[in-house]
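**Q**
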Amino acid sequence: MPRNAFYIGLAGFGTVGSGLAKVLAMNRAWVKRRTGRDMVIKTVADLHKDKESSAQAIGASFTTDSRDLIRDPEIDVVVELIGGTNAARDLIKDALLAGKHAVTANKALLAEHGTELFALAAKAGLHLGYEASVAGGIPLVQTFKGSLAGNRTEKVLGILNGTSNFILTEMTVRGMDFKAALKLAQEKGYAEADPTLDVEGVDAAHKLVLLIRLAFGKDFPLSGLTITGISKVEPMDIHFAREFGYRIKLIAQAGEVNGKIEAGVFPALVHETDLLAAVHGSFNAVRLTGNAGPILLHGYGAGDLPTGSAVLADIMAVARGREPDNTGFVDPDLPRAQIMDPLECEYRHYFRFVVADRPGVMAGISAAMAGRGISIAQAVQKGDESAENVPIVFLTHAAPAGAVQAVLKEIDAMDFILAPTVHYRIL
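According to numbering that gives the first Met the number 0, the sequence shown holds residues 0 to 426 in order.
Now the structure itself:
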């Protein structure tokens with residue numbers, strides 16, 4: 000083994016694990032200049048025995064028991080890339096209890112068990128790195144803990160799931176429906192065989208929980224988020240949105256209002272002049288607004304090399320021997336967030352009604368909305384003489400979600416409404 004080596008125990012040798020090995024092999028001399036240490040992946044642990052030859056090819060030993068990484072006294076840091084929550088939680092917990100630093104790319108794990116693991120790492124005085132867990136290769140974690148530490152965050156929003164963004168891009172550019180765009184995403188390797196976590200917004204929600212911790216210094220439970228995915232987005236609404244100058248994107252957003260945090264994941268109309276509207280394909284982007292100014296970060300949200308480089312950055316931070324700064328706050332026991340009632344949140348809104356083509360429909364809808372204090376900004380009705388039903392689209396001024404929910408219930412009960420109303424927020 001090289002002298003002055005820094006030994007890595009790697010659990011999981013899939014896409015990200017192999018990406019870590021590739022980046023380290025490409026940049027080994029550069030990494031040593033940065034850290035003064037020789038980075039060595041000493042042991043790879045993976046349940047799939049067919050990964051042994053790949054591990055040996057990078058000079059690492061192989062095991063199917065991840066606890067061998069903890070038992071080895073030479074291993075300095077345990078890198079968890081196995082995914083899931085139960086086994087991953089146990090591995091990181093045991094590594095920290097054994098006095099070993101830990102690095103993970105597991106956003107679901109930290110969203111669900113982060114409070115426990117961060118407290119354990121703080122008590123032991125150890126690093127728990129997670130740069131790769133939020134938006135892959137975009138350096139969000141260190142940006143919050145370092146460069147933006149003096150900029151008090153007021154709002155964070157962005158595109159945090161590359162699979163959903165790819166699907167919406169294909170629906171917008173090629174006119175595909177959701178099922179066809181999802182199939183293409185799966186063929187290209189952007190979507191899993193079971194894409195539920197991605198397309199229903201859960202993956203983005205996991206990441207948003209971590210961003211709230213970093214941005215606001217609050218512990219926001221995953222169960223407190225309102226989450227809506229993109230599986231019901233229709234080409235017709237993408238078309239109408241474009242007519243009004245908007246693009247539909249899956250947005251993760253959190254903001255602080257009078258001491259409370261309003262947060263959620265939802266499809267929304269983003270104006271075409273907004274930089275987020277120009278984020279295409281599998282890219283991610285996050286806009287941070289603070290009292291000292293805004294910033295937009297854009298890059299790959301996944302992939303072997305971008306995510307592998309983010310994991311390596313955490314390992315390098317450990318190797319430099321710096322004091323742990325896992326949460327970005329002196330007190331790792333973050334206070335519980337006060338959650339704003341979603342019904343109190345105010346946004347502009349997009350409605351598409353499918354109605355019978357007869358007189359008085361527009362007036363009836365308008366009256367119902369006016370009765371709830373919802374002001375119409377723009378409206379368009381599409382149809383022809385042969386159509387039995389026509390779509391009517393309204394864009395409104397800002398209105399509370401509670402009023403919107405009430406008026407939708409009222410309008411959908413009217414006898415000229417032929418299908419449930421489609422509703423999106425407008426950023």
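Even glycine gets a Cβ: it sits at the ideal position worked out from N, Cα and C.
Rounded C-beta distance between G8 and V78? I'm assuming under 8 Å.
**A** Indeed they touch by this definition, with Cβ atoms about 7 Å apart.
**Q** Cutting at 7 Å between CB atoms, please list the residues of its own chain near V389, excluding the five before and the five after it.
**A** These residues qualify, in order along the chain: V354, D356, Q380, K381, G382.
**Q** Can you tell me whether DSSP reads R32 as helix, strand or coil?
**A** Helix, per DSSP.
**Q** Return the chain-ordered ranges of every alpha helix (DSSP H) run that is complete within the region 182-220 and spans a minimum of 4 residues.
**A** Those alpha helix (DSSP H) runs which fall completely within the region 182-220 and span 4+ residues are 195-198, 201-215.
**Q** Name the two residues that bound the continuous beta strand (DSSP E) containing P390.
**A** Per DSSP, P390 belongs to the beta strand (DSSP E) from 388-395.
**Q** In the DSSP output, what is D37 paired with across the bridge?
**A** Per DSSP, A4.
**Q** Please work out which residues of its chain come closer than 8 Å, Cβ to Cβ, to D93, disregarding the five sequence neighbours upstream and downstream, and give them in chain order.
**A** Once the five neighbours on either side are set aside, the close Cβ partners of D93 are R66, I69.
**Q** Please state whether the Cβ-Cβ distance between G157 and Y189 is less than 8 Å.
**A** The answer is no: Cβ separation not under 8 Å.
**Q** Taking a contact to mean a Cβ-Cβ separation below 8 Å, would you say A204 touches V264 in this structure?
**A** Yes, the pair counts as a contact, with Cβ atoms nearer than the cut-off.
**Q** With respect to the alpha helix (DSSP H) encompassing A120, which residues constitute its N-terminal and C-terminal limits?
**A** Where A120 is concerned, the enclosing alpha helix (DSSP H) stretches over 106-123.
**Q** Buried or exposed for G372, going by 16 or more other Cβ atoms inside 10 Å?
**A** So G372 counts as exposed.
**Q** Expressed to the nearest angstrom, what Euclidean distance is found between the alpha-carbon atoms of L109 and R335?
**A** In a straight line, the C-alpha of L109 is about 15 Å away from that of R335.
**Q** Under 8 Å, do A120 and N325 count as touching if we go by C-beta distance?
**A** Contact: yes.
**Q** Can you grab the Cα-Cα spacing for the pair I81 / G11, in whole Å?
**A** Between I81 and G11, the C-alpha separation is close to 5 Å.
**Q** With distances taken Cα to Cα, identify the nearest neighbour of I391 among A400, P419, A253, A402.
**A** It is P419 whose Cα lies nearest to the Cα of I391.
**Q** Over the uninterrupted beta strand (DSSP E) stretch that includes H348, give me the two end residues.
**A** From DSSP, the beta strand (DSSP E) with H348 extends over 345-355.
**Q** Over what stretch of residues does the beta strand (DSSP E) that includes Q377 continue unbroken?
**A** 375-380 is the extent of the beta strand (DSSP E) around Q377.
**Q** Identify every residue that forms a DSSP beta bridge with I250.
**A** Its beta-bridge partners are F265.
**Q** Where does M0 land, buried or exposed, given buried means 16+ other C-beta within 10 angstroms?
**A** Unreliable positioning characterises M0 in this predicted model, as indicated by a pLDDT of 46, which lies under 50. A coordinate reading is not provided.
**Q** Within a Cβ cutoff of 7 Å, which residues of the same chain sit near D64, ignoring the five residues on either side of it in sequence?
**A** Here the set comprises A44.
**Q** Could you spell out the range, first to last residue, of the beta strand (DSSP E) harbouring F243?
**A** Where F243 is concerned, there is no enclosing beta strand (DSSP E), given that its DSSP letter is neither H nor E.
**Q** Round the Cβ separation of K31 and G307 to the nearest angstrom and send it over; I've been treating them as touching at under 8 Å.
**A** That belief does not hold up - the Cβ atoms of K31 and G307 are roughly 17 Å apart, past 8 Å.
**Q** Using CA coordinates, which residue listed in F165, N105, I211 is at the minimum distance from V155?
**A** Nearest C-alpha to V155: I211.
**Q** Please report the Cβ distance between I314 and V76, rounded to the nearest whole angstrom; I am assuming they are in contact, meaning their Cβ atoms lie under 8 Å.
**A** With 8 Å as the limit, I314 and V76 qualify as a contact, their Cβ atoms being about 6 Å apart.
**Q** Given this structure, state the Cα-to-Cα distance separating N150 from E255, to the nearest angstrom.
**A** One C-alpha to the other measures close to 14 Å.
**Q** With a threshold of 7 Å (Cβ to nearest heavy atom), would G289 be considered close to the ligand PLP?
**A** In terms of ligand content, the structure shown is empty, and the ligand PLP therefore cannot be addressed.
**Q** Can you tell me where the beta strand (DSSP E) holding S60 begins and where it ends?
**A** Residues 60-62.
**Q** Using 8 Å as the threshold, is the C-beta distance between T288 and H348 below it?
**A** Not closer than 8 Å, so no.
**Q** So what does G292 bridge to, in DSSP terms?
**A** Paired residues: G289.
**Q** Could you tell me which uninterrupted alpha helix (DSSP H) segments, each at least 4 residues in length, are contained entirely in the region 269-339, listed from first to last along the chain?
**A** Those alpha helix (DSSP H) runs which fall completely within the region 269-339 and span 4+ residues are 303-318.
**Q** Report the residue from V102, Y346, A87 whose alpha carbon sits nearest the alpha carbon of I74.
**A** Minimum Cα distance to I74 is reached at V102.
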